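Have a look at the structure below before the remarks.
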Amino acid sequence: MKQRFTFFLLFAGILFTSAQKPSQQWLDQKFSMFIHFGLYSAYGGVYDGKPVTRGYSEQIQSFAGIFSDWYADSAKNFNPTEWNADEIVALAKEAGMRSIVFTSKHHDGFCLYHSQFTKFNIVDATPYKRDLMKELAEACKRGGIDFAVYFSLIDWNFPQAYPISSHNADPLTPEHYQFNLKQVEEIMTSYGPISEIWFDMGSLTPEQSKGLYDLVNRLQPQCMISGRLGNNYVDFSVMADNEYPDYKMSVPWQTAASMFDETWGYRSWQKRGSVQEKVNEKIASLVKVISRGGNYLLNIGPRGDGSVVEFESEVLKNMGEWIHSNSEAIYGTKANPFPHAFSWGDMTTKNNNLYLFVKNNNQFIDLSGFSGNIATIEVLSSRAKCRFNQNQKNNSVRINIPDNTNITPLTVLKVTFKDKFTILPSEVIHTNHLSAWNAVPEFGHSSLDYYCGYKSLTGYTWDFQTNKKEITPEITFTENEIGKEIMVRVDNEEKVVKLNPSTTIERVDLNAPFDFRFGNLYTKNGKGVFGYVEEENQENINTSNWKKIENFNYEEKHEMELNPRQSVLFLQEIESTENQNIAVEIGSGNGVYLLLNGKYITAHLLPTQDEYQKEIVVLPLEKGKNQLLIKYFNHKADRLNFSITPITGWIHYKMKLPAFKLKKSATHQLSIKESNPDSKVSPLRMNNVEVRF
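Numbering (the numbering used here), first residue to last: 3 to 695.
Here it is as structure tokens:
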């Protein structure tokens, strides 16, 4: 009995260990191959003798209006005899890619593997008669790289699924959901280890997302699950197609990129241009992603006969030459440790080194904001030494690029320190007043479905200085934050606190006559997915292409006809005679994204389909003209309900936090996160919080 119990504990320990995600191997991949290949590849973006210029070519059935039976009949001629799995793996390795993500099934429902639940697959429906995906999985194993799959959550061939729509975000019928469960189970049990599953499209219920998430975790505990599964069931976040965020994230993430923005599947008439220009473009994109801590997934779209387009092969091989010469700066590295990028380029870090990716028009570059003694600086690919002049007092160094160094497209410099180096905080607060506006925000990427992806703020961090050896912070919050359970970290000590309304209450009243004024209100239609706001980071938004609203009633709840997955923007001008805090009450439906003077305040788009909800937003106005931008998003409702109400008084709740002992250091750090969030990417929604000590 004792032996059995010991074995049980050992087995349980193995299961627990195996379920830890992400693995370091997945984080260290950095560069992977995406393959869009399927029945659509044989069309090559052409139908009825004409190029189909609308939409992605892998969705030609939808955009060309091909009848389902006609499209299905084309499988009888699909015979990719030029496909060679080992050559594909060899190409990926030559390019420096560490895994392959393969389209097991795209939106058309055609399976590139031998599915037991539909005859619409490459073995049963085509003259090829071979399980192409199994051959690729086995080739990946032989080649020593990871194998992963893409799986479309919508299916235009399944009889009980929703028909083809314009937006690819249809819900799943109960029958379709059960069908997906069966297909995902057969993929997870018949094709060896799967490093990640790349779910795509559809608009699932939270229960459906959870069901698929739990299924994959049960069958392959280390398989990473993409955020496009929806409802914030996520192991790694996925940006919108070809999106490159200009901010760092605290969660594992990935950018998927096509060779050309216009398509993922093969397009015979695509204008391809210069190989070297495309190499430069994609290397720059790779560096942008890994310098912000993500993985880069670059797509190829083979022809219908299975052959790789020569242009794409050449691009990957040329990328590989540069990548292999600079592999030390790519694999196993961490994101740029500085809180910002530099004008001369990007960087990564590993061990005691910084790796600087420098644009070629620089004869010298400056790096500042660190402490530590530099030992050597060299060009990574050639080991040529760089002359440099370090200024210890200014925590900076000027680096001279050696003559005749012009490595296309980026020169990589390796900066090695004698001992450890430290990155200095971008902003050290010398007062005892911490707020959302002087914090360093921490971001994730939330996604209910493809159209609902957005930058979600998940935490705040402050670097501060004080002569105190111990602090007992006091937190101030509004009714929005009541009941939240937060994790407060000061230096190396963490404590969980629940924000209690039965604390000190203080009413904030603005005295008349008010020293601020609501000015013009403008509106325009929103663009793109929920998280896309082109005005973000614009300090002064040009309103020439906006419509001015006359006689808007700020006290009323308004209704607007707005289709699902559509958005509308409002721009409120506010004149202030001084720097001051005021508050507005924002009424919204399900989704709202707020900016003040181009700066991110908060954003949330929640699984609950609220018709109307209100929240207080405290605005730190600057003297002069301010611009409050509000993006309202309608996820699934018939109409949008909204309101904008300036308020002259609101309640502050004040609560003492536990005492924290400070470490022996000139600079200290305090951070706030939700202690038990629904998801690692759930928005914190504490933009009104202030901390004093």
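Each residue gets a CB set at the ideal place from its N, CA and C atoms; glycine is no exception.
Computed from a predicted model, the values in this text were never measured in an experiment.
Please check the pair residue i and residue j, which I expect to be a contact at CB under 8 Å, by giving their CB distance rounded to whole angstroms.
{"i": "threonine 413", "j": "threonine 378", "result": "Between threonine 378 and threonine 413 the Cβ distance is about 16 Å, and since that is not below 8 Å, they are no contact."}
{"i": "aspartate 421", "j": "glycine 374", "result": "7 Å"}
{"i": "serine 154", "j": "glutamate 198", "result": "The pair is not a contact, with the Cβ atoms about 15 Å apart (cut-off 8 Å)."}
{"i": "valine 381", "j": "proline 404", "result": "6 Å"}
{"i": "isoleucine 488", "j": "isoleucine 285", "result": "Isoleucine 488 to isoleucine 285, Cβ: 41 Å. No contact."}
{"i": "tyrosine 152", "j": "serine 205", "result": "Not really, about 18 Å apart at Cβ, beyond 8 Å."}
{"i": "isoleucine 425", "j": "proline 566", "result": "The pair is not a contact, with the Cβ atoms about 44 Å apart (cut-off 8 Å)."}
{"i": "asparagine 159", "j": "glycine 111", "result": "3 Å"}
{"i": "glutamate 472", "j": "alanine 661", "result": "6 Å"}
{"i": "glutamine 365", "j": "threonine 669", "result": "No, glutamine 365 and threonine 669 are not in contact; Cβ-Cβ is about 35 Å, not under 8 Å."}
Given this structure, state the Cα-to-Cα distance separating residue i from residue j, to the nearest angstrom.
{"i": "arginine 694", "j": "asparagine 182", "result": "52 Å"}
{"i": "aspartate 511", "j": "tryptophan 652", "result": "7 Å"}
{"i": "glutamine 256", "j": "proline 208", "result": "23 Å"}
{"i": "asparagine 544", "j": "asparagine 527", "result": "15 Å"}
{"i": "asparagine 353", "j": "glycine 47", "result": "47 Å"}
{"i": "asparagine 494", "j": "serine 398", "result": "28 Å"}
{"i": "methionine 562", "j": "lysine 550", "result": "16 Å"}
{"i": "lysine 273", "j": "valine 103", "result": "25 Å"}
{"i": "glutamine 5", "j": "glutamine 224", "result": "Bear in mind that a pLDDT of 36 at glutamine 5, under 50, signals an unreliable position, so the number given afterwards is only what the model happens to contain. Approximately 28 Å, taken between the alpha carbons."}
{"i": "isoleucine 325", "j": "isoleucine 409", "result": "12 Å"}
{"i": "phenylalanine 13", "j": "methionine 261", "result": "Bear in mind that a pLDDT of 31 at phenylalanine 13, under 50, signals an unreliable position, so the model cannot answer this."}
{"i": "serine 667", "j": "asparagine 689", "result": "28 Å"}
{"i": "cysteine 142", "j": "aspartate 88", "result": "8 Å"}
{"i": "glutamate 314", "j": "proline 304", "result": "9 Å"}
{"i": "glutamate 557", "j": "leucine 631", "result": "18 Å"}
{"i": "glycine 267", "j": "valine 310", "result": "12 Å"}
{"i": "histidine 654", "j": "valine 236", "result": "35 Å"}
{"i": "isoleucine 603", "j": "leucine 597", "result": "5 Å"}
{"i": "tyrosine 595", "j": "alanine 514", "result": "30 Å"}
{"i": "glutamate 312", "j": "asparagine 643", "result": "52 Å"}
{"i": "isoleucine 16", "j": "glutamine 394", "result": "Because the pLDDT at isoleucine 16 is just 31, under 50, the model does not fix this residue reliably, and the point stays unresolved."}
{"i": "glutamate 330", "j": "phenylalanine 390", "result": "21 Å"}
{"i": "alanine 77", "j": "isoleucine 124", "result": "8 Å"}
{"i": "glutamate 676", "j": "histidine 342", "result": "25 Å"}
{"i": "serine 167", "j": "lysine 529", "result": "19 Å"}
{"i": "methionine 35", "j": "valine 289", "result": "16 Å"}
{"i": "asparagine 555", "j": "proline 161", "result": "49 Å"}
{"i": "tryptophan 439", "j": "glutamine 27", "result": "36 Å"}
{"i": "serine 43", "j": "arginine 269", "result": "8 Å"}
{"i": "lysine 95", "j": "isoleucine 147", "result": "8 Å"}
{"i": "tyrosine 215", "j": "asparagine 244", "result": "25 Å"}
{"i": "alanine 66", "j": "tyrosine 49", "result": "7 Å"}
{"i": "phenylalanine 119", "j": "aspartate 126", "result": "11 Å"}
Which partner residues of residue i appear in the DSSP bridge assignment?
{"i": "phenylalanine 466", "result": "Ile431 and His670"}
{"i": "cysteine 113", "result": "Lys107 and Asn123"}
{"i": "glutamate 495", "result": "Val492"}
{"i": "lysine 143", "result": "Note: lysine 143 sits in no beta bridge, so no partner."}
{"i": "threonine 480", "result": "The partner list for threonine 480 (beta bridge, DSSP) is empty, contrary to what the question assumes."}
{"i": "serine 384", "result": "Bridge partners of serine 384: none, in fact."}
{"i": "tyrosine 152", "result": "Thr105 and Trp200"}
{"i": "tryptophan 271", "result": "DSSP, once it has assigned bridges, lists no residue as partnering tryptophan 271."}
{"i": "aspartate 259", "result": "For the sequence presented, residue 259 should be read as alanine rather than aspartate. In the DSSP output, where bridge partners are listed per residue, alanine 259 has Leu300."}
Taking 8 Å as the threshold (C-beta atoms), are residue j and residue i in contact?
{"i": "glycine 455", "j": "phenylalanine 532", "result": "yes"}
{"i": "isoleucine 367", "j": "tryptophan 346", "result": "yes"}
{"i": "glutamate 692", "j": "histidine 435", "result": "yes"}
{"i": "tyrosine 357", "j": "lysine 416", "result": "yes"}
{"i": "isoleucine 196", "j": "glutamine 180", "result": "no"}
{"i": "alanine 97", "j": "methionine 321", "result": "yes"}
{"i": "asparagine 628", "j": "isoleucine 576", "result": "yes"}
{"i": "isoleucine 292", "j": "lysine 32", "result": "yes"}
{"i": "glycine 308", "j": "glutamate 483", "result": "no"}
{"i": "serine 719", "j": "serine 252", "result": "This structure gives no information on residue 719, because the portion of the chain shown stretches from 3 to 695."}
{"i": "leucine 664", "j": "arginine 491", "result": "no"}
{"i": "glutamate 60", "j": "histidine 116", "result": "no"}
{"i": "alanine 150", "j": "serine 192", "result": "no"}
{"i": "leucine 459", "j": "phenylalanine 445", "result": "yes"}
{"i": "valine 499", "j": "leucine 659", "result": "yes"}
{"i": "proline 724", "j": "asparagine 539", "result": "A query on residue 724 cannot be resolved here, the shown segment of the chain reaching from 3 to 695 and no further."}
When the cut-off is 8 Å and only beta carbons count, does residue i lie next to chain D?
{"i": "leucine 299", "result": "This model lacks chain D altogether; it includes just one protein chain."}
Ranges of the alpha helix (DSSP H) found wholly within the segment 159-246, counting only runs of at least 4
With a minimum length of 4 residues, the continuous alpha helix (DSSP H) runs that stay inside the segment 159-246 are 176-192 and 208-221.
* Asked: Of all the beta strand (DSSP E) runs that stay within the bounds of the segment 559-640, which reach a length of 3 or more residues?
  -> Listed in chain order, the beta strand (DSSP E) elements of length 3 or more contained wholly in the segment 559-640 are 560-563, 568-578, 582-590, 593-598, 601-607, 615-623 and 626-636.
Check your understanding: Residue ranges of each beta strand (DSSP E) run of no fewer than 3 residues wholly in the segment 288-372, ordered along the chain?
Key -> Runs of the beta strand (DSSP E) lying entirely within the segment 288-372 and spanning at least 3 residues, in chain order: 297-302, 347-352, 355-361 and 366-370.
* To do: Output the residue ranges of the alpha helix (DSSP H) runs that lie fully inside the segment 49-100 and measure 4 residues or longer, sorted by chain position.
  => For the segment 49-100, whole alpha helix (DSSP H) runs of length 4 or above, ordered along the chain, are 62-65, 70-75 and 87-97.
Note to self: Ignoring anything shorter than 3 residues, give me the beta strand (DSSP E) runs that lie fully in the segment 384-458, in order along the chain.
What the structure shows: Counting only runs of 3 or more residues that sit fully inside the segment 384-458, the beta strand (DSSP E) segments are 390-393, 398-402, 412-419, 435-437 and 442-448, in chain order.
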